[in-house]
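Residue numbers for the sequence shown follow the numbering used here, beginning at 157 and rising by one. So the structure is just underneath, and the comments pick up after that.
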Amino acid sequence: ENKVLEVENLRTSFISNKKTFNAVDGVSFHINEGETIGVVGESGCGKSVTSLSIMGLIKRPGEVNADKISFQDNNLLKLNKEKMRKIRGNRISMIFQEPMTSLNPVYRVGEQIAESIRIHEKVRSSKLKNRVIDLLEMVGIPRPKEVYRYYPHQLSGGMRQRVMIAIAMACNPDLLIADEPTTALDVTIQAQILELMKELQESRGMSMMLITHDLGVVSEVCDRVVVMYAGKIVETGKVENILNHPQHPYTKGLIASLPKKGQNNGRLNYIPGQVPSPLNWGKGCRFADRCTYVMDKCLEKIPPLLDVSSEQQSACWLCEEKGGSSFANERGKV
Ligand code: SF4
Ligand code: MG
């Protein structure tokens, strides 16, 4: 399979009170052509920093180091700003959680989509408007000719996110990075937007990196999952393996805290405790103070990603102890 994106040993550092710390601390993964991967974890685990690092959007004094970040035939670590800008919004697009902040309130939505095409392509203005209207139609916006003339505040949150998706799709990207694209929306709209993204991904054959704190979202659209905790990947594998046979106690906790069907939305089973700050990482497993399985070894040494099977890896000492396969198949039990 062809890899669209390859990331090896990504470390992104920031400075706080004269101390340098890695918010992302040695992350490696890849995305195949036409594949959707989910990057999951609570906020503060390094998911957004990972995507911003790939896109060259970390501001100084933040610093991105990696053994490799390659996109198609480009080494993204070596590209200058100009070349990076050409890739961004063209071959790689991004959408974010809050569409209102990404849209300019004083311009009509049609003009904003047109502008995003014009940045990357020479298109005659007579053709441009039709292309925008086609895009609005493609993302399921009713009465596109009328909506072309709307200002962002005249649209609902769900419709604004559809406009953002239209902008992201305007130049036919090969990779779409979506950071919590449905988190600000209510549940029914969430499902519709996810459905739209899935349709576009399939019909265009593009690759997608979906960042979310919600494993439920991942189960709807992703092929593979990367679970992040405190700057590291703690588990990765195919979505069905991760959901049905989670090995890492953190993944199990995330699954247990999903609302069950037919149950009220209350999170009955959340994971007690908090993600530790990068300034307080010790030498052992960073999940140790929230883990009910913690052993002496866990406090001494950080577990590397261990093979659970040929298709699943987990960074937990229990996987080593149990030879990898028999550990806890009970769905979502922490
Ligand atoms: Fe828990 Fe130890 Fe596994 Fe960390 S390594 S998740 S503390 S059992
Ligand atoms: Mg985030």
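Think of the CB as a built atom: it goes at the ideal place given N, C-alpha and C, for glycine as much as any other residue.
Under 8 Å between C-beta atoms of residue i and residue j
i: Asn178; j: Ser184; result: no
i: Val395; j: Asp370; result: no
i: Leu366; j: Thr176; result: no
i: Met362; j: Leu332; result: yes
i: Met240; j: Gly212; result: yes
i: Ala326; j: Ile289; result: no
i: Pro329; j: Ser249; result: yes
i: Leu435; j: Ser172; result: yes
i: Val431; j: Ala386; result: yes
i: Ile214; j: Phe227; result: no
i: Thr338; j: Ile349; result: yes
Continuous beta strand (DSSP E) stretch holding residue i: start and end
i: Val363; result: Looking at the sequence provided, one finds Ser at residue 363 rather than Val. Taken as a continuous stretch (DSSP letters only), the beta strand (DSSP E) holding Ser363 covers Ser363 to Thr368.
i: Asp181; result: Lys175 to Asn188
i: Leu332; result: Leu331 to Asp335
i: Val383; result: Arg380 to Tyr385
i: Gln469; result: Gln468 to Ser470
i: Thr392; result: Lys388 to Lys394
i: Asn158; result: Segment: none, Asn158 is in no beta strand (DSSP E) and carries neither H nor E.
i: Val220; result: Glu219 to Asn221
i: Arg225; result: According to the sequence displayed, residue 225 carries Ile and not Arg. Element bounds for Ile225: Lys224 to Phe227.
i: Asp445; result: Here Asp445 belongs to no beta strand (DSSP E), and DSSP marks it neither H nor E.
i: Val464; result: Leu462 to Ser465
Proximity to residue i [Cα-Cα], best of the options
i: Glu162; options: Asn173, Gly194, Pro300 and Ile225; result: Ile225
i: Lys321; options: His186, Gln357, Leu232 and Ser207; result: This sequence places Ile at residue 321; Lys is not what is there. The candidate whose alpha carbon is nearest that of Ile321 is Gln357.
i: Gly372; options: Val390, Ser359 and Glu336; result: Glu336
i: Gly182; options: Glu198, Gly202, Val195 and Val196; result: Gly202
i: Gly438; options: Pro298, Gln253, Gly218 and Ile458; result: Ile458
i: Leu462; options: Pro428, Ala412 and Glu391; result: Glu391
i: Val383; options: Val431, Thr407 and Pro434; result: Thr407
i: Ile275; options: Ser199, Glu238, Gln253 and Asn286; result: Glu238
i: Glu110; options: Val180, His186, Lys174 and Arg167; result: In the structure as shown, the chain begins at 157 and stops at 490. Residue 110 is therefore absent and cannot be evaluated.
i: Lys316; options: Pro329, Arg287, Asn328 and Gln346; result: For clarity, residue 316 is Arg in the given sequence; the question names Lys instead. Out of Pro329, Arg287, Asn328 and Gln346, Gln346 has the C-alpha closest to the C-alpha of Arg316.
i: Leu284; options: Leu291, Ile297, Ala270 and Leu233; result: Ala270
i: Leu232; options: Cys447, Leu414 and Glu164; result: Glu164
i: Val377; options: Tyr449, Gln268, Glu477 and Val195; result: Val195
i: Thr344; options: Gly314, Ser433, Arg360 and Ile323; result: Gly314
i: Thr368; options: Ser433, Ser466 and Gly200; result: Gly200
i: Arg167; options: Ser359, Ser204, Ser209 and Ala412; result: Ser209
i: Asn246; options: Asn286, Ile323 and Glu467; result: Ile323
First through last residue of the alpha helix (DSSP H) which encompasses residue i
i: Ser199; result: Segment: none, Ser199 is in no alpha helix (DSSP H) and carries neither H nor E.
i: Asp452; result: Asp452 to Glu456
Test: residue i CB closer than 8 Å to a CB of chain D
i: Gly314; result: The structure shown contains no chain D; it is built from a single protein chain.
Run the Cβ filter for me: residues under 5 Å from any heavy atom of ligand 1, listed in the order they occur in the chain. Any heavy atom of ligand 1 counts here; residues with a Cβ closer than 5 Å to one of them, in chain order, are Pro405, Cys441, Phe443, Ala444, Cys447, Tyr449, Val450, Cys454, Pro459, Cys472, Trp473 and Leu474.
Meets three-Cβ-pair contact criterion under 8 Å: the stretch 300–310 and the stretch 213–231: Taking 8 Å as the limit for Cβ pairs, the verdict is that the stretch 213–231 does not touch the stretch 300–310.
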